[in-house]
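Visitor: So for the sequence shown, this note's numbering puts the first residue at 8; every next one is plus one. For glycine and all other residues, C-beta sits at the position ideal for the given N, C-alpha and C. Predicted model only: the values in this text are computed from it and were never measured. Right, I'll just put the structure down here and ask away after.
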Amino acid sequence: MVRVLLTGGAGFIGSHTALALLEAGHSPLIVDDLSNAHPDSISRIAQISGVAIPALIVDVRDEAAVSGFLQEHGPVDAVIHLAGLKAVGESVAQPERYYDVNIGSTLALLRVMKKHEIHNLVFSSSATVYGASENVPHAEDAHVGHGISNPYGKTKHMIEEILRDVSAADEQLRITALRYFNPVGAHPSGLIGEDPRGVPNNLMPIVARVASGALDSVVVFGDDYPTSDGTGVRDYIHVQDLAQGHVRAAERALPGFEAINLGTGVPASVLDVIREYGAAAGLNIPYRVAKRRPGDIAVSYADVSKARAVLDWQAKRTLADACRDDWAWQQNGAKLRQA
Ligand code: UFG
């Protein structure tokens with residue numbers, strides 16, 4: 008049994024990770040300031056699992072509060088650090104805030120870990136560190152950090168560099184940076200899922216809003232890429248698979264610093280996503296083609312061999328599974344929101 012401090016545990020990936028930790032017999036504690044979480048997500052985790060996870064509602068940079076929480080509910084063996092800001096466009100408009108929150112929270116946690124003698128850290132990195140490279144599938148030993156087009160992505164790369172240095176200075180540390188590809192889907196209960204505030208940025212939440220009638224049509228950003236159907240190609244990974252990858256990383260606690268891709272290795276285009284979602288919802292989803300979105304690349308998908316070899320983990324769910332579960336969440340979650 009691994010006792011885990013899970014920051015960002017009320018968010019989209021965090022809430023699924025909390026459930027996956029419980030299912031695997033581990034014991035999580037949650038820290039989250041609820042700044043970008045569904046207000047009911049912690050009670051929904053309890054509803055699904057039957058376990059009320061101790062939760063501290065605070066910014067992770069409040070070291071005294073996090074430390075006091077660990078004194079009260081700890082000790083823990085590992086930290087899974089998911090708290091952070093993640094909107095690409097917002098990061099361009101508010102770079103100081105992104106550097107402050109994402110890097111500041113990681114440094115604060117490292118100090119708390121030292122104080123409480125916690126040596127195992129799993130960090131939420133991103134395939135964004137591969138930058139403008141289209142040398143696919145992306146493998147972890149590729150050169151990273153070139154052509155990252157926004158401050159959000161740069162914070163992920165900078166934090167990986169910080170963690171690499173910190174681990175080199177302390178041989179007791181075991182740090183794994185998980186490079187997520189495109190997380191999608193929801194818990195099959197329909198009780199938790201992604202719930203972006205305002206107009207969503209990412210493809211699947213937008214397709215979901217079109218399917219549920221809140222938006223008229225999906226705007227496809229470019230159909231002149233050198234891909235099978237001309238639209239952008241990504242690696243969409245079901246959030247439950249992603250969550251299980253975190254569990255495996257916390258269990259394995261690999262020595263030193265390791266970066267590991269969490270993706271499916273299966274490329275899918277924008278039109279594939281629209282088609283699969285339409286099939287799941289039993290609808291024809293309207294779309295129109297517009298020009299390319301600045302900063303986008305044509306193709307990104309994961310080389311999944313390292314995750315398989317060192318974590319004994321691989322994604323089990325398909326894009327169709329993710330669309331089905333997301334659609335259940337849209338219908339159920341939307342009703343719950345209005346209740
Ligand atoms: N797309 C559309 N229309 C939309 C939204 C997206 O056609 O309304 C297309 C994009 O052009 C892209 C694909 O759908 O081809 C996926 O776009 P997303 O915005 O969903 O995801 P990205 O791959 O651009 O970004 C994701 C994460 C970021 C991360 C980045 C790189 O959201 O956090 O991957 O790893 F930085």
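Going by DSSP in three states, ALA346 sits in which element: helix, strand or coil?
Guide: Because ALA346 sits at a pLDDT of 49, beneath the cut-off of 50, its placement in the model cannot be relied upon, and the point is left open.
Visitor: How about ILE218 and TYR243: do their beta carbons lie closer than 8 Å?
Guide: Just to set this straight, residue 218 is Ala in the shown sequence, not Ile. No, these two residues do not count as a Cβ contact at 8 Å.
Visitor: Excluding sequence positions up to five away, which residues of its chain have a Cβ less than 7 Å from the Cβ of TYR232?
Guide: Once the five neighbours on either side are set aside, the close Cβ partners of TYR232 are THR238, GLY239 and ALA305.
Visitor: Closer than 7 Å by C-beta to GLY15: which residues in its own chain qualify, once you throw out the five before and the five after it? Chain order, please.
Guide: Closer than 7 Å at Cβ, skipping near neighbours: GLY21, ASP39, LEU89, ALA90 and GLY91.
Visitor: Around the Cβ of SER235, are there at least 16 other Cβ atoms within 10 angstroms (buried) or fewer (exposed)?
Guide: It is exposed - the Cβ of SER235 has fewer than 16 other Cβ atoms within 10 Å.
Visitor: By the three-class DSSP mapping on this structure, what secondary structure does TYR106 have?
Guide: The answer is helix: DSSP assigns TYR106 an H, G or I state.
Visitor: Can you check which of these residues, MET8, PHE19 and HIS45, is closest to LEU28 by C-alpha distance?
Guide: Checking every option, the nearest Cα to that of LEU28 belongs to MET8.
Visitor: Can you tell me the Cα-Cα spacing of ILE37 and ASP230, whole angstroms?
Guide: For ILE37 and ASP230, the distance between alpha carbons rounds to 42 Å.
Visitor: On a Cα-Cα basis, can you pick out the residue from GLY263, ILE64 and LEU222 that is closest to GLY205?
Guide: When each option's Cα is compared against that of GLY205, the closest is LEU222.
Visitor: CB-CB under 6 Å to ARG241, same chain, minus the five flanking residues each way: which ones, in chain order?
Guide: Closer than 6 Å at Cβ, skipping near neighbours: ASN189 and SER307.
Visitor: Applying the 10 Å Cβ sphere with the 16-neighbour rule, what's the burial state of LYS323?
Guide: So LYS323 counts as exposed.
Visitor: Considering only C-alpha positions, which residue in the set ALA329, SER312 and ASP328 is nearest to PRO144?
Guide: Nearest option by C-alpha distance: SER312.
Visitor: Does the ligand UFG have even one heavy atom less than 7 Å from the beta-carbon of ARG216?
Guide: False, no ligand heavy atom lies under 7 Å from that Cβ.
Visitor: Does DSSP put THR14 in a helix, in a strand, or in coil?
Guide: Residue state, collapsed to three classes: strand.
Visitor: Tell me the DSSP bridge mates of ILE182?
Guide: DSSP lists LEU128 and PHE264 as partners of ILE182.
Visitor: Where in the stretch 138-182 do unbroken runs of the alpha helix (DSSP H), each at least 4 residues long, occur, reported from the N-terminal end onward?
Guide: Counting whole runs of 4 or more residues, the stretch 138-182 contains the alpha helix (DSSP H) stretches 158-176.
Visitor: Could you check which residue in PRO262, PRO212, ALA309 and VAL317 has the C-alpha nearest to that of GLN337?
Guide: Of the candidates PRO262, PRO212, ALA309 and VAL317, the one whose C-alpha sits nearest the C-alpha of GLN337 is PRO212.
Visitor: By a C-beta neighbour count over all protein chains shown, 10 Å radius and 16 as the cutoff for buried, is ALA327 buried or exposed?
Guide: Exposed, since its Cβ has fewer than 16 Cβ neighbours within 10 Å.
Visitor: Given 7 Å as the limit, tell me if PHE228 has its C-beta closer than that to any heavy atom belonging to the ligand UFG.
Guide: PHE228: yes, Cβ under 7 Å from the ligand UFG.
Visitor: So does the stretch 174-182 actually touch the stretch 115-130, counting three or more Cβ pairs closer than 8 Å?
Guide: With a cut-off of 8 Å, the stretch 115-130 and the stretch 174-182 count as touching, because enough Cβ pairs lie within range.
Visitor: Buried or exposed: where does ARG295 fall if 16 or more other Cβ atoms within 10 Å of its Cβ makes it buried?
Guide: ARG295 comes out exposed.
Visitor: If we call anything under 8 Å between Cβ atoms a contact, is VAL136 one with VAL151?
Guide: Yes, the pair counts as a contact, with Cβ atoms nearer than the cut-off.
Visitor: In whole angstroms, give me the CA-to-CA distance for LEU200 and PHE19.
Guide: Checking the sequence, you will find Gly at residue 200 rather than Leu. GLY200 and PHE19: Cα-Cα distance of roughly 6 Å.
Visitor: Take TRP334 as the anchor and find which of PRO195, ALA94, ALA175 and ASN109 has the nearest alpha-carbon.
Guide: Cα-wise, what sits closest to TRP334 is PRO195.
Visitor: On the DSSP bridge list, what partners appear for VAL86?
Guide: In the DSSP output, where bridge partners are listed per residue, VAL86 has LEU12 and LEU128.
Visitor: Give me the DSSP bridge partner(s) of PRO190.
Guide: Paired residue(s): ILE244.
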